[in-house]
Amino acid sequence: MKKINDNIDRSWIDKTIRPFVISGPCSAENENQMIFTAKKLNSPFIKAFRSGIWKPRTKPGNFEGVGKKGLIWMKNVKKMTGLMTATEVANEEHTNLCISFDVDILWIGARSTASPFTIQEIAESLQENKNKIVLLKNPIHPDMDLWMGAVERFYNKGIKKLGLIHRGFYTYKSLKYRNQPNWKMLLEVKKILPRIPIFCDPSHICGKKEGISEVAKKAYYYFNCEGLMIETHFDPKNAWSDAKQQITPEHLSKMLEFFISSKKEDLKETTLNLFRTLIDELDENILSIISERMSLSKDLGSFKKSLDIMVLQPNRLKSIMHKYINMGKNLEIREEFIKKFFKLLHEESMRIQNKIRN
Ligand code: PEP
Ligand code: MN
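Residue numbers for the sequence shown follow the working numbering, so the first one is 29 and each next one is one higher.
What follows is the structure, given as structure tokens:
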């Protein structure tokens, strides 16, 4: 990947202040919504207007985007505001339409990055337009090869204005986020492609308004994200998609003031906070897993009650302790710690089961 890294064309982002912010609605709905929203986007950091023209919905039956006519509205937004425009493309037809409507930034959605055929098709359809900026969202699941492979496919077709978007990853049950961020993976990406511009999409990470600002700051200050993609809508609660996570343009402007007024932390403080962010993220995952674990204990308690089985099965405790102590050896976790930890976990599980049984 070294050759790719050396040849990434950063000219479009190097000239601007950071963070380079792309903002606008999740979906284009009508021309007024686009223009109202765009006109209220007011911050020196906002360089591009986003809106989804074709929406990849996980399940059928939801709003799937306005299609081609949205590109006309987007072109008008560009004319009125001077902002660059950005949208998601998922096939050759979308790409060709975006080219003919002069969209500046094409992004590849998380579901598409996971599909090599789709990536290949889009890369090939840019043959006559190698100058487009292409931003690749991370695939739904944290598969580094798939993400980097998509970069390679575009690079191999001569597209060099490439960037990445961290929009978080699917987890079966998430405590806090819609899509779990993986900051550690971003650090690894930085090692593979140190020059590639990385954006963060706190809207799709959080899935709600709360937390967007915090994630944006972490991304920018601790994980070298040079850009942010944040969804805005002039009337978020009536948005046709992702209503919970869209904020008003006014809210965004206020949020971005932080990047003007805040003093940069020194290296010691930044590094300390980087480690703390990584650790907090893991601790939050541990909490989420414990909660799932205890909910299983509840179900087990009911099952034991229905069959009149004793809650405490001493052999079971002995055998799991033995198993985890052995596993811990390979993981460099001390026996003492494993004993204390699983004893605590087991006691709590007994308490829950007994409460149900009695
Ligand atoms: C979006 O940006 O509106 C979108 C659908 O994003 P993602 O591909 O990250 O789900
Ligand atoms: Mn969205």
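Positions of the beta carbon are idealized from the N, C-alpha and C atoms, including for glycine. Remember, predicted model here, so these are calculated numbers, not experimental data.
Asked	Found
Exposed unless 16 or more other CB atoms sit within 10 angstroms - verdict on lysine 83	buried
Buried or exposed (CB count within 10 angstroms, at least 16 for buried), isoleucine 307	exposed
Cysteine 54 - DSSP class collapsed to helix/strand/coil	coil
Inter-residue spacing [alpha-carbon to alpha-carbon] between serine 140 and glutamine 274	22 Å
Distance between glycine 80 and glycine 239 (C-alpha atoms, nearest Å)	22 Å
Cβ pair serine 51, leucine 295 closer than 7 Å	no
Quiz: which residues have CB nearer than 5 Å to the ligand PEP non-hydrogen atoms	Cys54, Gly80, Gly137, Ala138, Lys165, Arg195 and His232
Of the residues Asp263, Ile353, Phe251 and Lys332, the one placed nearest leucine 300, counting alpha carbons only	Phe251
Threonine 141 - containing alpha helix (DSSP H), residue span	138-141
Spatial neighbours of histidine 374 in its chain, beta-carbon cut-off 7 Å, leaving aside the 5 residues before and after	Leu345
Assumed close pair leucine 203, isoleucine 224 - CB separation to whole angstroms, cut-off 8 Å	Actually they are not in contact, since the Cβ atoms of leucine 203 and isoleucine 224 sit about 30 Å apart, beyond 8 Å.
Assigned secondary structure, phenylalanine 262 (DSSP; H/G/I helix, E/B strand, else coil)	coil
CB contact flag (leucine 284, phenylalanine 129, <7 Å)	no
Residue(s) in a DSSP beta bridge with threonine 113	Phe77
DSSP bridge partner residues for cysteine 228 (one or two, in chain order)	His194 and Leu256
Start and end residues, beta strand (DSSP E) containing leucine 164	161-165
Three-way DSSP call (helix, strand, coil) for phenylalanine 48 in this model	strand
Proximity winner among Gly186, Lys185, Leu154 and Tyr198, relative to lysine 165 (alpha-carbon distances)	Tyr198
Status (buried if at least 16 other CB within 10 Å, exposed otherwise) for histidine 169	exposed
Supposed contact pair isoleucine 147 and isoleucine 136 - C-beta distance, whole angstroms, cut 8 Å	7 Å
Range covered by the alpha helix (DSSP H) that runs through valine 217	211-220
Three-way DSSP call (helix, strand, coil) for leucine 284 in this model	helix
Aspartate 270 CB to nearest heavy atom of the ligand FMN below 6 Å	As far as ligands go, the structure on display features the ligand PEP and the ligand MN and does not contain the ligand FMN.
Cβ-Cβ distance between isoleucine 233 and valine 217 below 7 Å	no
Residues near alanine 66 in its chain [Cβ-Cβ closer than 6 Å; skip 5 each side]	Phe77, Val105 and Thr109
When Arg38, Glu376, Leu69 and Ser55 are compared against lysine 282, the one with the closest alpha-carbon	Leu69
Straight-line Cα distance separating phenylalanine 262 from lysine 272	13 Å
Validate contact between the segment 107-127 and the segment 149-158 using beta carbons, cut 8 Å, 3 pairs	yes
Nearest-angstrom Cα separation, counted from arginine 46 out to lysine 245	12 Å
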